[in-house]
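Asks: Using this note's numbering, you'd call the opening residue of the sequence shown number 720 and step up by one each time.
All C-beta atoms, glycine included, are put in the ideal place defined by N, C-alpha and C.
Small disclaimer: the values here were computed from a predicted structure and weren't measured.
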Amino acid sequence: MNPFRFNSNTSEVDSDLVQEEMFGIEYEQLIDEEDQSELPFDAEKIRIEQRMLSLKYMKELIDLDLLNLYPDFQRNKVWKEIKRKSLLIESLMLRIPIPAFYFYEDEDSVLHVIDGLQRLSTINEFLNGEFKLKGLQYLQDSCDGKYFKDLDAKYVSRIYMTQLAVNVIDARTPSQVKYDLFRRINTGGVSLNAQEIRNSIAKPRIRDFLKRLAHSSSFQAATDGGVNDMRMAAQELVLRFIAFYFAYNYKTFELDYHKSDLELFLDRAFDQLNAMNDQKLVEIEKAFNRAMNNAHELFGEYAFRKYKLSELRQSGRRKLINKSLFTSWSVLLAEPGLDLGISKTFSDNAVHELAKLIERNEDYSNALTIGTNATSRVAMNFYITREFWEELRIDIR
720 MNPFRFNSNT
730 SEVDSDLVQE
740 EMFGIEYEQL
750 IDEEDQSELP
760 FDAEKIRIEQ
770 RMLSLKYMKE
780 LIDLDLLNLY
790 PDFQRNKVWK
800 EIKRKSLLIE
810 SLMLRIPIPA
820 FYFYEDEDSV
830 LHVIDGLQRL
840 STINEFLNGE
850 FKLKGLQYLQ
860 DSCDGKYFKD
870 LDAKYVSRIY
880 MTQLAVNVID
890 ARTPSQVKYD
900 LFRRINTGGV
910 SLNAQEIRNS
920 IAKPRIRDFL
930 KRLAHSSSFQ
940 AATDGGVNDM
950 RMAAQELVLR
960 FIAFYFAYNY
970 KTFELDYHKS
980 DLELFLDRAF
990 DQLNAMNDQK
1000 LVEIEKAFNR
1010 AMNNAHELFG
1020 EYAFRKYKLS
1030 ELRQSGRRKL
1040 INKSLFTSWS
1050 VLLAEPGLDL
1060 GISKTFSDNA
1070 VHELAKLIER
1080 NEDYSNALTI
1090 GTNATSRVAM
1100 NFYITREFWE
1110 ELRIDIR
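Here it is as structure tokens:
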């Protein structure tokens, strides 16, 4: 009997598979976390304030950087079609109510957009004169083809005086409640993924930190430039490394991962990262670069890719990055003081032996692809990888 329950929604699985492979990452099948998660949060801890804010005031907040639209991934989120943008602006000029926005207010009273980014970005672009109206339905004669600065005063007034319904999640809301709320709320046309949600509430220095590591020369070399960070896929890999790096004990080989809920594990690691001082960040960056440099030296272009022995001899499409291989190998190769200094012959042998292990050890192969968030699979991945690595490194000493 299979102890794992998998997502049975075929369309969701197909969508996830296509998206992950677009970013250069091999699709991993997770177990259903429905029965694995913690008890539901206390409803009394949900703090959401309903506000009515004028559009003019919202624009002032944006210009003062008190309302953050996140240009890092805003380009991938905003509507592209001018007609669609124009119809939204027309709704404002016709005094037609638009759906409510959801913001998160941090400890510094800065508002962060959780839901409604496309609409708010479109409005901000129009007020900044970045596009002219096109394809209007009701105001074609008076407003079509005009920029904001060209509109009649009455339409400018209507836009500025528009009252927008805003739901603000208070900074005092417990962290895990926050993440769950964000995932429930963010169901718009282009939903944020888990890493983008984390990024949306990150402190600027942490956002910059993750981006720097994801774009570092060591990471690019280790992954052979194979991970597209457009939807923060690379930054999630970096976060995985950080989460398991701090969960792994290099002396006892114990791993502090006890629930089959990877998203919760990463959320908590992200919260810890958000609170870290600069000294700790320097330590993480050194460990990450050490891991990436060692992985590149040890496996070359095959690093973090799940090849079987028979597949090494085949030409054709290159394998994608395997998240589980990345997790275990990056953590093990980040061991303090580890500097390989190996030959090309040793590297070729390492690639060959790992491919042989993946081909002949079905349990290991499955742990890298199926139910990869399960506690038992994560433990097996780390255990077998470490045993293999300990045998391999004997020849280095």
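Would you tell me roughly how many angstroms separate the C-alpha atoms of L858 and L786, rounded to the nearest one?
Replies: If you take the alpha carbons of L858 and L786, they lie about 30 angstroms apart.
Asks: Measure the beta-carbon distance from G1042 to E1078 and round it to whole angstroms, keeping in mind my assumption that it falls under 8 angstroms.
Replies: Here residue 1042 is Lys; the residue named in the question, Gly, does not match the sequence. With a Cβ gap of about 20 angstroms, K1042 and E1078 do not count as contacting.
Asks: Which value, in whole angstroms, describes the spacing of the CA atoms of F867 and A952?
Replies: When rounded, the distance between both Cα atoms is 37 angstroms.
Asks: At which residue ranges does the segment 995 to 1021 contain complete beta strand (DSSP E) runs of 3 or more residues, listed in the order of the chain?
Replies: Counting only runs of 3 or more, we get nothing.
Asks: Please state the DSSP three-state secondary structure of L672.
Replies: Only positions 720 to 1116 of the chain appear in this structure, which leaves residue 672 out of reach.
Asks: Hey, which unbroken runs of the alpha helix (DSSP H) at 4 residues or more fall wholly within the segment 1023 to 1099?
Replies: With a minimum length of 4 residues, the continuous alpha helix (DSSP H) runs that stay inside the segment 1023 to 1099 are 1028 to 1031, 1042 to 1051, 1063 to 1079, 1081 to 1086.
Asks: Please say whether Y821 and V832 have beta carbons closer to each other than 9 angstroms?
Replies: Yes.
Asks: By the three-class DSSP mapping on this structure, what secondary structure does S773 have?
Replies: Three-state result, S773: strand.
Asks: So, under 8 angstroms CB-CB, F989 and L958 are touching, yes? Tell me the CB distance rounded to an integer number of Å.
Replies: Going by Cβ atoms, the distance from F989 to L958 rounds to 6 angstroms, so yes, they are a contact pair.
Asks: Contact between the segment 884 to 894 and the segment 928 to 941 is defined here as three or more beta-carbon pairs at a separation below 8 angstroms; is this criterion met?
Replies: As far as the Cβ criterion goes, the segment 884 to 894 does not touch the segment 928 to 941, which means the pair count is below three.
Asks: If you check the beta carbons only, do I801 and K853 fall under 9 angstroms apart?
Replies: Contact flag set, yes.
Asks: Are the beta-carbon atoms of A1018 and S1084 separated by less than 9 angstroms?
Replies: Ala is not the amino acid found at residue 1018; the sequence shown has Phe there. Not in contact: F1018 and S1084 (Cβ atoms no closer than 9 angstroms).
Asks: Spatial neighbours of D889 within its chain, please: CB distance less than 8 angstroms, with the 5 preceding and 5 following residues excluded, ordered by chain position.
Replies: Cβ within range, chain order: R766, I767, E768, E824.
Asks: Is the beta carbon of I1040 closer than 9 angstroms to that of I815?
Replies: Not in contact: I815 and I1040 (Cβ atoms no closer than 9 angstroms).
Asks: Per DSSP, which one or two residues make a beta bridge with A884?
Replies: Answer is M771.
Asks: Leaving out five residues on either side along the sequence, give the residues of the same chain with a beta carbon under 7 angstroms from the beta carbon of E1054.
Replies: Same-chain partners within the cutoff: Y969.
Asks: Is it right to say E1016 is buried, meaning 16 or more other beta carbons lie within 10 angstroms of its own, or is it exposed?
Replies: By the neighbour-count rule (16 or more Cβ atoms within 10 Å), E1016 is buried.
Asks: Could you tell me which of E747, T942, L1111, E982 sits nearest to Y898, measuring between CA atoms?
Replies: Closest option to Y898, Cα to Cα, is E982.
Asks: Classify Q755 as helix, strand or coil using the three-state DSSP reduction.
Replies: At Q755 the pLDDT is 45, less than 50, meaning the model places this residue with poor confidence; the figure from the coordinates comes in the next sentence. In the structure shown, Q755 sits in coil (DSSP, three-state: anything other than H, G, I, E or B).
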